[in-house]
Each structure stands twice: as C-alpha cells, then as structure tokens.
C-alpha cells in the first residue's frame, strides 16, 4: 500500500513540476500571432487552390494582414471567393475592397478532331506535359490543345473537362473560379484568364497558332492565320496582331461581334450571346 | 573482360545489318538542313532564298561557343529559309535546298589517299581544334554535343587520355561497327588528331565483345600506334554512356553533375566523330554526311547507308526496300534511346545514327501494372539511382524531393523501363521530373 502511495506522490510531483516548467516556457517563448489572421482565414473558401499566388488560404490570410499595414488590398485577390469574400476580408481589416473583375478560364483552341486530324497515336503516359516534351503530339499543330487533361487534373472545382468528341478541354463557366491552376499547368499556355464580361459575354480568338498563315492553314481548319481582317474590322482598336496571331483585348472589346463575322477561318468565337442568326447557332458555347 | 560496375541490362542484340557493307545513298531531290542539329545555341542561317550553294558551302554559322556551323551537303539553289519538321518532332528553323547536280567546293580534298599525322607535322593543338570547330563536328553517337567544346577543357582541368566510344551498345545499330571494318586507318588517324588536340599521349578504343571482327582488325591496325590501345569490353547496355565507358575502360567514376568527364581526366569521343575529325582536318571536308543504319525485322534489306545530311528519311527507307506493310513505329536512333518519329519527311541530321522500323507487334507498349516493389529497376540503373522512387515523386510533382534524390544524374538510358516486369513507364515520368528540375535549377542560378 505504502509503495503505491509513494509512486503516486512521486509521479504527481514530477508531473506538477513539469507542468510548471512548460507553463513558464509557454509564457516566456510565446509567439504572438495577429488574431486577425485567424479571422481572415475563417472567411476564406479553404480551397487551398493557390490561385492567389500564396501557399494556401492560411498564407493568403497572413499576406492580407500584412498588406493591411500598408493600407491597401489592391494586389490581393481570392479568385474562388470572389468579390464577396474580399469585401468580408476588407471588413475585418477595416479597409476598402478593391474592385477586382471576376475572371474565368478560356481554352484558346478550337482545333476539333475534324479540323485538326490526329495523324499519329501517342502511346506514352497520358499527360499533356509528357506528350508536349516529345514534340508536336498527335496532330500537326504544335500550339493547340493536347487533350490529355492535365488541366482537368489540376482543377479543384471540376470546372474544366476534356471533351472526348473534340479532344479539347472545355470550361464550365458556372463552376470556374478563375484561380488559374489550369493555366499554370498547361504546357502550351493555351488557357487564358479573361474577365467574365457583362452577362458572361465575351468574344475571344480561340487559337494559339503562331505559325505563318500558309502553314497554319495546313495544320488546322480553324486556325488563326494572322490575316488581320479582324484588326481592320474592329472600330475600337481592341484587336492586336502578335506573331501571326490575333488577340482581343477584353478591356477594349465592346462585344460588337464584327470581328466574328469577318474572320475567314471561324477562329473568333462569341460566348453566351443570345442566338442571332440560325446559321451561327452552333457557334454558341 | 572489363565492363562498368553498377547496373546494366542485356537487351536482345538484333544486329541485322552487321554484315551489310556501307552503301552510298543516292542524292535527294530536296535537302532540308535544320539549324538545330546539335546541343547548344542554334546555328544562324547565312544564306537566303535564291542563293546558289555547292557541297561544303556554309549555310548556318555557329550561334555561340556551344554551337556548330552547318554546311550544305548538296549543290543547288536555296528554295527557302523557313521552319521544317525535324527529328525532335517539332518545327524549327531550317534551310531548304533544291538539288541540282553534285558540285563540290574546291577546297575539299576528295581523294581516297590516307594522310597521317606524321605527314602533317605543322598541325598543332590549336589548328586542329579550330578546324574541328569550323567543320561543324558534333558528337556522332547521337548526343550531338559540339566536339570542340569537349576538346577545350575548363581552366584548371587537364585531360589524361582520350577514350573512343566504339561500343555501339544500342541494339540493331551497326553504323559504327561497319565504319570500323571499312575505315580503320582513317579512324586511327582521327584518334591521333584528337589526342594531339587535347595534348595527351594515351588513347583507348572501347569495343564491345559482340564485334570480334572489329576488335581483331582495329587491334591489328593499331599496332602501328603504340599509344593507342584497343579495349575489348563485355557486352552490357548502356556501356556506350560516357560515364559508363570511362568506368569500364579506366575504372574511374565521374561524380554527379555538375562534374563532367574531364574532372576525372577523360575526353570521350565517338568513333564516328573520330572519322569525321580525320576528314575535317586532313581532307578539309566539313561534316556533310554520315553512316546511318536503316533496319528492322520487317525491312527487306537492313543496310548501312552513307547518306548526305538533309536527306529525308523516307528516301533512305525506300533504298532499303521501302516501308513494310506492318510498320507500327519508325524510330530515329536505336530502340533504347531513340525517339519515335511523327513523319517520314523529317530530314537526316548530324545525330542520326539509325532508323529503326518496328512492326506493329513490337511497337505496342504493354499495359502498365502496379509496382510490385521488386527493385529490379534499382538493380538495373547504371547511375545507382532509384527509378521507381524518381518516377513516383515526378508523377506527384514533388520537384524538391526529386532534386534531392539526384534526378539530374539520370542519363535517360531506359534500362529501368526495359527491366520493369510491370511495364511501368518509368523513364517517361523521370524525364518529366528531370526536365522540370533542370528548369528550376537553371532559373535559380539566373537569380
């Protein structure tokens, strides 16, 4: 009996002393964390998508609190959370949320299987990055969508999928948060983040082919050949011709769709417009 | 018999064209010269549409120190300077020449007489290296690293020996084997030139034991050169890897990158390179042609062709009996390290050592099964790496882990994929990791 009692007393004493030491250490070496980081973190979507450029939502929350010292949140944007979350964050930090236009991903390729036949078969690992490393890929176009679905695997929101019929990735705009994970993973940089646009409407050159016109024509029936007709048709100087490739500046575009009518290759697409003529109905995405 | 110490596999040899003598391929109608025929900066085109060129006329000048000039291998008219599909399966800058006749630059000595180093005592190290550099010679084994760069060791490093890679460990290929049987004396003069260029008095020629005729002939001819030793090697893939060959021949191990062979005192050159060096220095002939093996189980007459650079592969196949009905894949290079081609219009380049036509049965890759942790790949890896682990971390995009596991040491020989009983595409994944990690390292060093 005595032995048990001694054991309990000794162990109890050791425990008490250890607890005191630990308590003292905690008080002495405590790391102060701004309580606002936790508050901000709680309103974030916790998707940890990395679209903001920080390692997860916790990292973004710290960045927001740090930015609060400078008094501006202008460089920070949580794409999946959108404006609503950013306003909440600004509220916690006592700041004004900057109006960041919500963005969505656009796959700039319309080289469907009929337009861009798959001449050879790639039998390696089904990954766009790996196929891209081996060269051209299955089609004759070295710029277009490889269709192996690296973007699909990268998307945390199930918003982008490769259509087996066209073998091109397609974005579901209702799910896309504009985090940009797909754009980062695409080895050919086909995916562009564009402002959502009024009523989700936008006009985009769906091609990434930078080859000269004659070659681009051979490679794909729907390719942009850099002819410049759209540039002339545009009254708002919204279209620029890069290396044999037109690009529509979303900030200048007034959605008049003149360029779409003018394009001899059908490379310019208008998204989410109401049907205007029966013959263009199929082009509505 | 000597061989390298770690790993290695034994693929079936299939040297179908070993007994077929080197044949001159006919001239193409149009030759296409890619400006990317070597590792390093691309060559810059110096001709324009309409220019008349002869055999040996400069088409593209070297784009930097690690680069090589490109010469016309045909005479005719430049029809355009534009992008062309090349052996990398991408479109890159190239010069197109419409062939008309066969007129050579007068500076090229086309006689067959052998010129030895003793007859040209005025040649010193610098002159030899300059001539090699001007002739646009690159590593002819397939790696296409500019030859002159290896001959100019970085300050503080001293070469002790020249090792000639005549291993030809890739199955099917016989181009180097035939070259040794038919041009042994020229090759030996080439070796003496390389030895003089780097200032050493020891040369080794490593030949695998599956070429006894070449070993016998080279040993006999080399008896005239007391400094050159022919080293027979036990057959094992990838003995033709630079580091493996150094290990096999002189028993030294090259440390992990950024260390290079010169750090252990060795300069390794391919036997085809030695022959090209002979032609460049003694005959003033730039690199305009090479021996290429066109082979495959269904090919009518597997052959070794001496073909001009820029000749389309389709023409070479036609000279060997045409494309077989059951073709599944056409590979540029050998079966282990070669690359499947997406078109037969691709022109031959300085690194084209072989053209392998696989039938549809051979070409099909088997379905991958789960890893059974047998560690055969670990045993096969000649660099002492753990391929299963590298493949796994690469597929999970764990680049830091891949870097600490030394992924950049991988020589992409494919022994791991070859040996895997589950047919896992190990090399595909490792290559992804290696490319990405090398990109990360490069961007870090630029910062």
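Chains as they are written, first to last, in the working numbering: chain U, 1 to 285; chain D, 1001 to 1447. Ideal Cβ positions, reconstructed from N, Cα and C, are used throughout, including at glycine. Please read these numbers as outputs of a predicted model, since none were measured by experiment.
Query raised in the report: Are the beta-carbon atoms of residue 134 of chain U and residue 1089 of chain D separated by less than 9 angstroms?
Result: yes
Requested in this report: Taking only the alpha-carbon atoms, compute the straight-line gap between residue 285 of chain U and residue 136 of chain U and give it to the nearest angstrom.
Outcome: Any reading at residue 285 of chain U must be qualified, since the residue scores a pLDDT of 45, below 50, and its modelled position is unreliable; no value is offered.
Query raised in the report: Thinking C-alpha only, which one of D:1061, D:1033, D:1057 and D:1034 is nearest residue 1044 of chain D?
Result: D:1061
Report task. Could you pull out every residue in the same chain whose Cβ sits closer than 6 angstroms to the Cβ of residue 1388 of chain D, ignoring the five residues on either side in sequence? Result -> 1371 and 1377
Query - Bridge partners - residue 269 of chain U, DSSP secondary structure assignment - result: U:204
**Report entry** Neighbour flag for residue 1365 of chain D against chain U, beta carbons, 9 angstroms
**Finding:** yes
Query raised in the report: Taking C-alpha atoms, which residue in D:1312, D:1440 and D:1350 lies nearest to residue 1096 of chain D?
Result: D:1312
Requested in this report: Tell me residue 190 of chain U's beta-bridge partners as DSSP assigns them.
Outcome: Bridge partners of residue 190 of chain U: none, in fact.
Query raised in the report: Which chain D residues sit within Cβ distance under 7 angstroms of residue 124 of chain U?
Result: 1425 and 1428
**Report entry** Separation of residue 1114 of chain D from residue 1189 of chain D, as counted between CA atoms
**Finding:** 9 angstroms
Query raised in the report: Nearest chain D C-beta to residue 129 of chain U closer than 9 angstroms, yes or no?
Result: yes
Query raised in the report: For residue 1366 of chain D, does the three-state DSSP call read helix, strand or coil?
Result: coil
Report task. Return helix, strand or coil for residue 1312 of chain D, following the three-state DSSP convention. Result -> strand
Query raised in the report: Assuming residue 1380 of chain D and residue 1390 of chain D make a contact with CB atoms under 8 angstroms, what is their CB distance in whole Å?
Result: Not a contact, Cβ separation roughly 13 angstroms.
**Report entry** Residues, ordered as in the chain, of the segment 1341-1354 of chain D that lie near chain U by beta-carbon distance below 7 angstroms
**Finding:** 1342
Query raised in the report: If you check the beta carbons only, do residue 1087 of chain D and residue 1349 of chain D fall under 9 angstroms apart?
Result: yes
Query raised in the report: For chain D, is any of its Cβ atoms less than 9 angstroms away from the one on residue 285 of chain U?
Result: Confidence in residue 285 of chain U is poor, its pLDDT being 45 and thus under 50, which makes the residue's placement too unreliable to answer from.
**Report entry** Span separating the alpha-carbon of residue 1428 of chain D from that of residue 1227 of chain D
**Finding:** 42 angstroms
Query - Buried or exposed (CB count within 10 angstroms, at least 16 for buried), residue 1208 of chain D - result: buried
Query raised in the report: Which residues, taken in chain order from the segment 134-147 of chain U, show a beta carbon closer than 7 angstroms to some beta carbon of chain D?
Result: 134, 135, 136 and 142
Report task. Would you mind telling me which residues of chain D sit closer than 8 angstroms to residue 104 of chain U, beta carbon to beta carbon, in chain order? Result -> Those within 8 angstroms of residue 104 of chain U in chain D number zero; the least Cβ separation is about 25 angstroms.
Query raised in the report: Straight-line CA distance for residue 1214 of chain D to residue 1290 of chain D?
Result: 19 angstroms
Report task. Within its chain, find whatever has a CB closer than 6 angstroms to the CB of residue 289 of chain U; leave out the 5 residues flanking it on each side and keep chain order. Result -> Nothing about residue 289 of chain U can be reported from this structure: the residues present for chain U run from 1 to 285 only.
Query raised in the report: So, are the CB atoms of residue 1287 of chain D and residue 1137 of chain D less than 9 angstroms apart?
Result: yes
Query raised in the report: Looking only at C-alpha atoms, which of D:1082, D:1075 and D:1094 sits nearest to residue 1106 of chain D?
Result: D:1075
Report task. May I ask you to list the residues that DSSP assigns as paired with residue 1084 of chain D? Result -> D:1092
Query raised in the report: Going by alpha carbons, who is nearest to residue 1211 of chain D out of D:1017, D:1416, D:1439 and D:1425?
Result: D:1017
**Report entry** Beta-bridge pairing of residue 1225 of chain D - partner residues as DSSP gives them
**Finding:** Paired residue(s): none; residue 1225 of chain D is not in a bridge.
Requested in this report: Check the Cβ-Cβ distances between residue 215 of chain U and every residue of chain D, and say whether any is below 9 angstroms.
Outcome: yes
Query - Member of U:87, U:85, U:103 and U:115 whose CA lies at the smallest distance from the CA of residue 361 of chain U - result: This structure does not reach residue 361 of chain U, given that chain U is present from 1 up to 285, and the question cannot be answered.
Query raised in the report: How would you write the range of the beta strand (DSSP E) that residue 1161 of chain D sits in, first residue to last?
Result: 1161-1166
Report task. Just confirm the distance between the C-beta atoms of residue 1103 of chain D and residue 1032 of chain D, as a whole number of angstroms; I'd bet it's less than 8 angstroms. Result -> No, residue 1103 of chain D and residue 1032 of chain D are not in contact; Cβ-Cβ is about 19 angstroms, not under 8 angstroms.
Query raised in the report: Nearest CA to the CA of residue 1191 of chain D: which residue from D:1167, D:1277, D:1112 and D:1134?
Result: D:1277
Query raised in the report: DSSP three-state call for residue 1186 of chain D: helix, strand or coil?
Result: helix
Query raised in the report: Candidates D:1099, D:1112 and D:1295: which alpha carbon is nearest residue 1173 of chain D's?
Result: D:1295
Query - Straight-line Cα distance separating residue 1256 of chain D from residue 1241 of chain D - result: 14 angstroms
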